Amino acid sequence: MSHQEKVRNTLRQATAEGLLGHDRPVAGFIDVQGVRDSVTALHAAFAPVPDVLHAFAVKACPLVPVLRLLADTGMGCEVASPGETRLALAAGFPPERIVLDSPAKTRAEIADALVRGIALNADNLGELDRIDALRPQDSRSVIGLRINPQVGGGSIVAMSTATPHSKFGVALEDPGVRDRVHEAFLRRPWLTRLHAHVGSQGCPLPLIAQGVAALHRLAEEINARVGRRQVTSLDLGGGLPVNFAGDEVTPTYQDYVRALTDTEPALLDGRYGIVTEFGRSLLAKNGFTAAVVEYVKTSGGRRIALTHAGAQVAARTVFMPEAWPVRITAHAPDGTPRTTPVVPQDIAGPLCFTGDVVAHERPLPELAEGDLVVLHDTGAYYFSAPWAYNSLPRPGVYGFLHREEAVTFAMARAPQTMEELAAEGGARHADAFLARFDAAARP
0 MSHQEKVRNT LRQATAEGLL GHDRPVAGFI DVQGVRDSVT ALHAAFAPVP DVLHAFAVKA
60 CPLVPVLRLL ADTGMGCEVA SPGETRLALA AGFPPERIVL DSPAKTRAEI ADALVRGIAL
120 NADNLGELDR IDALRPQDSR SVIGLRINPQ VGGGSIVAMS TATPHSKFGV ALEDPGVRDR
180 VHEAFLRRPW LTRLHAHVGS QGCPLPLIAQ GVAALHRLAE EINARVGRRQ VTSLDLGGGL
240 PVNFAGDEVT PTYQDYVRAL TDTEPALLDG RYGIVTEFGR SLLAKNGFTA AVVEYVKTSG
300 GRRIALTHAG AQVAARTVFM PEAWPVRITA HAPDGTPRTT PVVPQDIAGP LCFTGDVVAH
360 ERPLPELAEG DLVVLHDTGA YYFSAPWAYN SLPRPGVYGF LHREEAVTFA MARAPQTMEE
420 LAAEGGARHA DAFLARFDAA ARP
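At position 90 of the sequence shown (counting the first as 1) the number is 89 in numbering that gives the first Met the number 0, and the numbers step up by one without a gap.
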């Protein structure tokens, strides 16, 4: 079944069941079988490597049912905060299959990981000093050091993490730093992993491969310097770009592996255990967001469809449209594709600021009140970063599975109720300021 057929059938069933419509004017959907297929492709690409941990980047989709699905497929997970660690544990990932990365780990966060046996990558040499003080002798945690190979950036600066001035990792090419890294490993026999992440969307495969090859060279240097095989595993990060222009999955995980081995043939020969941290590439094309068109109007000769999908669900697209464009399709209220004449239209969101537009002058079948718009390829990051501007409730997110013509749904995140929204805004404490400060403020 093609992607477009899945979307059409999913919308038809979702509107029939009331998951999407005037009472619930925006919702997210995740293709469960598509996620499984993506994981299968990842495992197949790395099949020749004897020791691999594929750790899903929780930040890409921090929904526990999604994480539980990934755990069931044999994935581990990468976390970057105490909250993400909690989600990973709630999803059932064993601590030894969790990798903690963050540039600002607190002492409490480090200590907790070390006690649980969660692997962690120190972001800097100062963090190694903290680990020295906190590490129990019987800790089972694999501990690594994150390196910035400083190989440069891709087309999206904010997504490039191996630039000369990146906030992440130890800047390997700065004067004297390489020797300090060697010394750090010499002093710490328990330091056995190296980590690097060049960047994600906008970073081409040759650039990613160049950074990973630098990591491999450093591991060889360190092992030669200490006179034994101390570095036993390499964490390659994630970063496989996603094709947001069409349905085709490109580049593939096979393309990624080929780029790595072409640049450094010894990288995946089995001498080092390998960790990956993919997120967007596993989930993006397996999810979409659908929203109701509330009004259609013309302003200055331009047709504008006012929908319920704006910056609250697509912040990156609204604020960085050149870097994060989304494909949009037009559908009738029952989910069938619109076949009206194609005209340029702005697809605007519900928020109270002018820039809340997900697509400008996009040629689409002419939309009308009650129609649906679909934002494609939103399975990663779009469900993980809802924006609370205008106090709009977070939409529901649903997993779906197709069996022939039937579509079955399971809830990943319930639509936020108005009562929950009010509680989040401090409704329980409505009188707190008056009760505590009113008497003191009066003359």
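Every residue, glycine too, gets a C-beta built ideally from N, C-alpha and C.
What you are looking at is a predicted structure, and each value in this text was computed from that prediction instead of being measured.
Beta-bridge partners of A54, as assigned by DSSP
G75
Does K284 come out as helix, strand or coil in the three-state DSSP assignment?
In the structure shown, K284 sits in a helix (DSSP, three-state: H, G or I).
Is E95 close to the ligand MG? I mean its beta-carbon at under 7 Å from any heavy atom of the ligand.
Only the bare structure without any ligand can be found here, which leaves the ligand MG out of the picture.
Taking three-plus beta-carbon pairs below 8 Å as touching, is the region 368–375 in contact with the region 410–419?
Because the criterion of three Cβ pairs below 8 Å is not met, the region 368–375 and the region 410–419 do not touch.
Please go through the same chain and pick out, in chain order, the residues whose beta-carbon is closer than 7 Å to the beta-carbon of G198, but skip the five residues on each side of it.
G152, G153, M158, S159, T160, A161 and G238
Since A213 and L171 are thought to touch, with beta carbons under 8 Å apart, how far apart are those beta carbons, to the nearest angstrom?
7 Å
Nearest to E95 (by Cα), restricted to the options E16, V114 and T105
V114
Span of the beta strand (DSSP E) around P343
V341 to A347
Put E418 into one of helix, strand or coil per three-state DSSP.
helix
Counting only beta-carbon separations shorter than 8 Å, does D430 have a partner in chain D?
Any reference to chain D falls outside this structure, which holds one protein chain only.
Count the C-beta pairs between the region 212–227 and the region 173–188 that are closer than 8 Å, then say yes if the count reaches three, no if not.
A contact exists between the region 212–227 and the region 173–188.
Can you tell me where the alpha helix (DSSP H) holding S37 begins and where it ends?
V31 to A44
Are at least three pairs of beta-carbons, each pair with one atom in the region 31–49 and one in the region 58–72, less than 8 Å apart?
A contact exists between the region 31–49 and the region 58–72.
Alpha-carbon to alpha-carbon, D122 and G82:
18 Å
Opening and closing residue of the alpha helix (DSSP H) in which E182 lies:
V176 to R186 is the extent of the alpha helix (DSSP H) around E182.
Does the Cβ-Cβ distance between V241 and K284 come in under 8 Å?
yes
Per DSSP, which one or two residues make a beta bridge with G395?
A26
Given a cut-off of 8 Å, decide if V357 and G369 are closer than it, judged by their beta-carbon atoms.
no
Delimiting residues of the beta strand (DSSP E) encompassing E404:
From DSSP, E404 is part of no beta strand (DSSP E); its letter is neither H nor E.
Status (buried if at least 16 other CB within 10 Å, exposed otherwise) for G286:
buried
If we count Cβ pairs, one from each stretch, closer than 8 Å, do we get three or more for the region 258–273 versus the region 315–334?
no
Same chain only: Cβ atoms within 8 Å of L267, ignoring 5 sequence neighbours per side:
F45, P47, V48, V256, L259, T260 and I273
Mapping DSSP to helix, strand and coil, what is S1?
coil
Relative to the C-alpha of V291, which residue among V150, D333, T251 and A40 is closest?
Closest option to V291, Cα to Cα, is D333.
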